[in-house]
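**Q** Count the sequence shown with the working numbering and you get residues 1 to 429, in order.
Handing you this structure, nothing more for now.
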Amino acid sequence: MNGQMRFIRNIFIVGAISFGIQNYFQSKVKMRVLSKNVTMKVPTPPMSSPKFKKKATAQEKLAEVTNLEKQLAVEKQKLQMLGQMYQQYRMMQKWGDLQSVISKYQSAQRQIMSGEAILEAKVKDLKKYIPELEKDNSKKGMISLSTLLGVMKDVDKQFQLMGKIKAKFGLSNDEMSDYSRAASNTNSYEEVININTELEKKLKGDSLAPSLFEKAQAQYYLHRFKESLDTIHKGMRFKSFQKQFSSLRAQVTSCRGQFKKEQKYRKQDKNLPIVELETSKGKIEISLFEDDAPNAVANFILLVESGYYDKQKFHRVISQFMVQGGDPNSKDNDPSNDGTGGPGYKMKTQLSKRLHFRGSMSYANSGIDTDGSQFFMTHKPTTNLNGKHAVFGYITKGMKVVDSIRKNDHLIKARVIKKRKTKYKVNKI
Numbered sequence: 001m002n003g004q005m006r007f008i009r010n011i012f013i014v015g016a017i018s019f020g021i022q023n024y025f026q027s028k029v030k031m032r033v034l035s036k037n038v039t040m041k042v043p044t045p046p047m048s049s050p051k052f053k054k055k056a057t058a059q060e061k062l063a064e065v066t067n068l069e070k071q072l073a074v075e076k077q078k079l080q081m082l083g084q085m086y087q088q089y090r091m092m093q094k095w096g097d098l099q100s101v102i103s104k105y106q107s108a109q110r111q112i113m114s115g116e117a118i119l120e121a122k123v124k125d126l127k128k129y130i131p132e133l134e135k136d137n138s139k140k141g142m143i144s145l146s147t148l149l150g151v152m153k154d155v156d157k158q159f160q161l162m163g164k165i166k167a168k169f170g171l172s173n174d175e176m177s178d179y180s181r182a183a184s185n186t187n188s189y190e191e192v193i194n195i196n197t198e199l200e201k202k203l204k205g206d207s208l209a210p211s212l213f214e215k216a217q218a219q220y221y222l223h224r225f226k227e228s229l230d231t232i233h234k235g236m237r238f239k240s241f242q243k244q245f246s247s248l249r250a251q252v253t254s255c256r257g258q259f260k261k262e263q264k265y266r267k268q269d270k271n272l273p274i275v276e277l278e279t280s281k282g283k284i285e286i287s288l289f290e291d292d293a294p295n296a297v298a299n300f301i302l303l304v305e306s307g308y309y310d311k312q313k314f315h316r317v318i319s320q321f322m323v324q325g326g327d328p329n330s331k332d333n334d335p336s337n338d339g340t341g342g343p344g345y346k347m348k349t350q351l352s353k354r355l356h357f358r359g360s361m362s363y364a365n366s367g368i369d370t371d372g373s374q375f376f377m378t379h380k381p382t383t384n385l386n387g388k389h390a391v392f393g394y395i396t397k398g399m400k401v402v403d404s405i406r407k408n409d410h411l412i413k414a415r416v417i418k419k420r421k422t423k424y425k426v427n428k429i
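This is the structure in structure tokens:
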């Protein structure tokens, strides 16, 4: 019995130990699983969770937008090149290559449209950072605000802010270049010349070329042809920019000869009719070329006297190019129809010896002999429009007002200040 009892006791002990060991390991596994389950159920700290990401700063958002703008600029250059290739292949009748170019062109167009939609949404989102940045009077904060105003196309505020930053903190060479571009976007050409004259003393090597180009361009826009050619001569030594300077030199040289003739014509002009445009930015006085474009002038004077232009808006404004108005549709609250309106008739395009310079008054059209009531005033010489649009006057007072007009500014009242004893009548087609 004793032997049997010892045997049974040993089996019981071994069994108990075995059960204990098994139970121990099972409980450890359960604890690990339970621990894992508990960990999965416990919320992760907000800052490390994808759902609770740290709020992006204004600078980070701005970086996204500026990078996207650069990508879009590259795509637009690509689109322009494809357009040129299309014209070349079409002339050479390379039909196979033409189809390939069309496909690439359409793809690039889609990318640009998509990118611009994204950019518009991002810029809209950036507006909420304005109050925050306006309170930051540090140079970094003010520069960020300036960049934001730039992407929002608020060129006037950006230009003013860059002037304040320069006065308060000074600007680096790169920031001065940004300031020059802001000045260009507001048609402040004298300031462009001053900024780049200052940069000319600081920059060395190839980095000077873009600054000289901007200066020469601004001098050309102001009809300072000799000064522009002198600046171009300095820039021609930079091989990387020779093509741009050479092209500008050809424009300046051609326009200088044309403007000398225009100055002679202006001396010969006698007793020209004068119209005043009272705008929300100030008054503009225009002398009308009745001897050279009598039908165009008659049309404009009769429309002014009828009150046709009163309370219209300047519906199309392109910086460093022109200000366009004269559409009665601009009076309503539907911007989609702006640029499509007219007086209900068309006239022949009355081309003459008078050409497009800074401050020219000309009729807008959708092709030769489709002139109506819409007109434009130029910020710079626009020689590419010669032979396509009828120049019928030039601005004698208020050119700075023209430079300051932005889209949807108002033409409050148009008045005939002086006219001849002509019985004005419009020949319509």
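Note that the Cβ used here is the ideal one computed from N, Cα and C, for glycine as well.
Under three-state DSSP, which class holds residue 308?
**A** Here residue 308 sits in coil by DSSP.
**Q** State whether the segment 347-360 contacts the segment 372-391, with contact taken as three or more CB pairs (one from each stretch) at a distance under 8 Å.
**A** These segments touch.
**Q** Once DSSP output is grouped into helix, strand and coil, what is the label at residue 39?
**A** With a pLDDT of 36 at residue 39, under the threshold of 50, the modelled position of that residue is not reliable, and the figure given next carries that caveat. Correct three-state label for residue 39: helix.
**Q** Give every residue of the same chain whose Cβ lies closer than 6 Å to the Cβ of residue 354, excluding the five residues on either side of it in the sequence, and list them in chain order.
**A** Closer than 6 Å at Cβ, skipping near neighbours: 289, 292, 391.
**Q** Kindly list the residues whose CB is nearer than 8 Å to the CB of residue 78, restricted to its own chain and excluding five residues on each side of it in sequence; keep chain order.
**A** Excluding positions up to five away in sequence, the list reads 108.
**Q** Could you give the C-beta distance for residue 119 and residue 65, rounded to a whole number, given that I count them as a contact under 8 Å?
**A** Right, the Cβ-Cβ distance comes to about 7 Å (below 8 Å), so this counts as a contact.
**Q** Out of curiosity, what's the CA-to-CA distance linking residue 340 and residue 312?
**A** Roughly 14 Å between the two C-alpha positions.
**Q** Have a look at residue 130 and residue 301 and give me their C-alpha separation to the nearest angstrom.
**A** Going by the C-alpha atoms only, they are around 45 Å apart.
**Q** Nearest to residue 430 by CA position, among 221, 232, 343, is which residue?
**A** Summary: the structure shown does not reach residue 430, with the chain confined to residues 1 through 429, and so no result is reported for it.
**Q** Cβ atoms of residue 281 and residue 184: under 8 Å apart, would you say?
**A** No.
**Q** Under the three-state reduction of DSSP, which class applies to residue 404: helix, strand or coil?
**A** Residue state, collapsed to three classes: helix.
**Q** Under 8 Å, do residue 327 and residue 251 count as touching if we go by C-beta distance?
**A** For residue 327 and residue 251, no; Cβs fall outside 8 Å.
**Q** With distances taken Cα to Cα, identify the nearest neighbour of residue 197 among 205, 211, 188, 207.
**A** It is 211 whose Cα lies nearest to the Cα of residue 197.
**Q** Between the Cα of residue 177 and those of 408, 153, 337, 209, spot the shortest distance and give me the residue it belongs to.
**A** Residue 177 has its Cα closest to that of 209, out of 408, 153, 337, 209.
**Q** Quick one: grab the DSSP three-state call for residue 269.
**A** Residue 269: coil per DSSP, three-state reduction.
**Q** Give me, in chain order, the residues of the same chain whose beta-carbon lies closer than 8 Å to that of residue 215; leave out the 5 immediate sequence neighbours on both sides.
**A** Excluding positions up to five away in sequence, the list reads 192, 193, 196, 197, 200, 231.
**Q** Can you tell me where the alpha helix (DSSP H) holding residue 192 begins and where it ends?
**A** Unbroken alpha helix (DSSP H) run through residue 192: 189-200.
**Q** Got a sec, what are the start and stop residues for the alpha helix (DSSP H) residue 368 sits in?
**A** Element bounds for residue 368: n/a, residue is neither H nor E.
**Q** Can you tell me where the beta strand (DSSP E) with residue 240 in it begins and where it stops?
**A** Premise fails: residue 240 is in no beta strand (DSSP E) and is neither H nor E.
**Q** With which residues is residue 318 paired in a DSSP beta bridge?
**A** Answer is 322, bridged to residue 318.
**Q** In this structure, does DSSP put residue 283 in helix, strand or coil?
**A** Strand.
**Q** Select from 256, 121, 262 the residue whose C-alpha is nearest the C-alpha of residue 393.
**A** For the residues 256, 121, 262, the minimum Cα distance to residue 393 belongs to 262.
**Q** Check this for me: beta carbons of residue 161 and residue 146, under 8 Å apart or not?
**A** Yes.
**Q** Taking all protein chains shown into account, decide if residue 233 is buried (16 or more other Cβ within 10 angstroms of its Cβ) or exposed.
**A** By the neighbour-count rule (16 or more Cβ atoms within 10 Å), residue 233 is not buried but exposed.
**Q** What separation, rounded to the nearest whole angstrom, lies between the Cα atoms of residue 424 and residue 299?
**A** For residue 424 and residue 299, the distance between alpha carbons rounds to 8 Å.
**Q** Is it right to say residue 273 is buried, meaning 16 or more other beta carbons lie within 10 angstroms of its own, or is it exposed?
**A** Buried: at least 16 other Cβ atoms inside 10 Å.
**Q** Could you pull out every residue in the same chain whose Cβ sits closer than 6 Å to the Cβ of residue 165, ignoring the five residues on either side in sequence?
**A** 142.
**Q** State the beta-bridge partners of residue 155 as determined by DSSP.
**A** In DSSP, residue 155 forms no bridge with anything.
**Q** From 132, 95, 97, 414, pick the residue whose C-alpha is nearest to that of residue 58; which is it?
**A** Residue 58 has its Cα closest to that of 132, out of 132, 95, 97, 414.
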